[in-house]
Amino acid sequence: GQSLEQPSEVTAVEGAIVQINCTYQTSGFYGLSWYQQHDGGAPTFLSYNALDGLEETGRFSSFLSRSDSYGYLLLQELQMKDSASYFCAPPFNKFYFGSGTKLNVKP
Amino acid sequence: DGGITQSPKYLFRKEGQNVTLSCEQNLNHDAMYWYRQDPGQGLRLIYYSQIVNDFQKGDIAEGYSVSREKKESFPLTVTSAQKNPTAFYLCASSIGTGVPGELFFGEGSRLTVL
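Okay, here's the thing in structure tokens:
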């Protein structure tokens with residue numbers, strides 16, 4: 023079976039740094055992906071970690087530790103437009119999603 | 820431009836009626852998926868298809884049906900057997916299910932039962 027756990031909601035201020043954690047249990051493992059979804063919109067792909075370590079893409083970074091079954095998404099220099107829900111998902115087979123983390127960015 | 824097109828964007832249905840949501844992709848992807856999302860919740864998998872003329876149930880398939888007669892198309896029918904169909908429905912595709920990959924989503928269809 024598969025399970026993914028993320029905090030349900032996180033609040034931070036503009037310009038700050040926020041980390042969204044994801045712990046998982048999956049049958050078979052092919053890395054971890056992250057998606058962003060604004061209210062009423064479609065999820066969009068942010069990043070994919072196939073191996074342990076940090077992947078950086080602009081203001082967003084994603085980290086994976088396979089031995090700890092743990093990953094996180096790091097958002098730097100937060101902007102109001104980053105207010106959205108963020109989902110971690112193993113990018114394989116059924117593309118199973120967790121409940122996601124709602125990020126609220128305040129002025 | 821390549822992408823996934825869902826229609827209609829908004830749909831209202833009376834109780835007891837079947838409705839069909841359209842999903843078309845021109846990305847030449849083998850795999851297609853249907854997810855349901857309720858307010859403030861994550862995505863739950865309804866059905867997925869790895870190749871034409873084949874599809875598998877996801878976690879919440881009861882009350883739904885699909886077909887995959889063409890690679891480009893994966894329509895979802897919400898039947899009257901689905902007791903609480905009001906939700907946001909998302910269609911997605913990927914290159915394949917046998918390799919790690921990225922999901923590409925359509926803009927969604929919002930179904931409301933009156």
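Chains as they are written, first to last, in the working numbering: chain A, 23 to 129; chain B, 820 to 933.
Each residue gets a CB set at the ideal place from its N, CA and C atoms; glycine is no exception.
These figures come from a predicted structure and were not determined experimentally.
Host beta strand (DSSP E) of residue i (start-end)
i, result
"residue 832 (chain B)", "829 to 832"
"residue 905 (chain B)", "First-last for residue 905 (chain B): undefined, no H or E at that position."
"residue 92 (chain A)", "92 to 97"
"residue 40 (chain A)", "40 to 47"
"residue 58 (chain A)", "54 to 59"
"residue 885 (chain B)", "883 to 885"
"residue 899 (chain B)", "Residue 899 (chain B) -> no beta strand (DSSP E), and no H or E assigned at all."
Pick from the options that is closest to residue i, judged by C-alpha positions
i, options, result
"residue 865 (chain B)", "B:898, B:914, B:920, B:921", "B:898"
"residue 930 (chain B)", "B:823, B:828, B:821, B:822", "B:828"
"residue 846 (chain B)", "B:888, B:913, B:932, B:840", "B:913"
"residue 40 (chain A)", "A:112, A:74, A:57, A:94", "A:94"
"residue 901 (chain B)", "B:923, B:932, B:922", "B:932"
"residue 109 (chain A)", "A:52, A:76, A:43", "A:43"
"residue 47 (chain A)", "A:123, A:61, A:82, A:26", "A:26"
"residue 830 (chain B)", "B:904, B:911, B:915", "B:904"
"residue 45 (chain A)", "A:128, A:36, A:90", "A:90"
C-alpha distance - residue i paired with residue j, whole-angstrom precision
i, j, result
"residue 68 (chain A)", "residue 97 (chain A)", "11 Å"
"residue 832 (chain B)", "residue 125 (chain A)", "33 Å"
"residue 945 (chain B)", "residue 855 (chain B)", "The shown model of chain B, from 820 to 933, leaves out residue 945 (chain B), and the question about it has no answer."
"residue 838 (chain B)", "residue 885 (chain B)", "12 Å"
"residue 760 (chain B)", "residue 923 (chain B)", "Nothing can be reported for residue 760 (chain B), as the shown portion of chain B is limited to 820 through 933."
"residue 890 (chain B)", "residue 896 (chain B)", "17 Å"
"residue 7 (chain A)", "residue 859 (chain B)", "Given that chain A is displayed from residue 23 to residue 129, the structure contains no residue 7 (chain A) and the question cannot be resolved."
Beta-ladder partner(s) of residue i, from DSSP
i, result
"residue 932 (chain B)", "B:832"
"residue 854 (chain B)", "B:864, B:909"
"residue 35 (chain A)", "A:128"
"residue 72 (chain A)", "Paired residue(s): none; residue 72 (chain A) is not in a bridge."
"residue 823 (chain B)", "B:844"
"residue 890 (chain B)", "Residue 890 (chain B) pairs with nothing; no bridge assigned."
"residue 87 (chain A)", "A:92"
Status (buried if at least 16 other CB within 10 Å, exposed otherwise) for residue i
i, result
"residue 58 (chain A)", "buried"
"residue 868 (chain B)", "buried"
"residue 71 (chain A)", "buried"
"residue 823 (chain B)", "buried"
"residue 927 (chain B)", "buried"
"residue 84 (chain A)", "buried"
"residue 102 (chain A)", "exposed"
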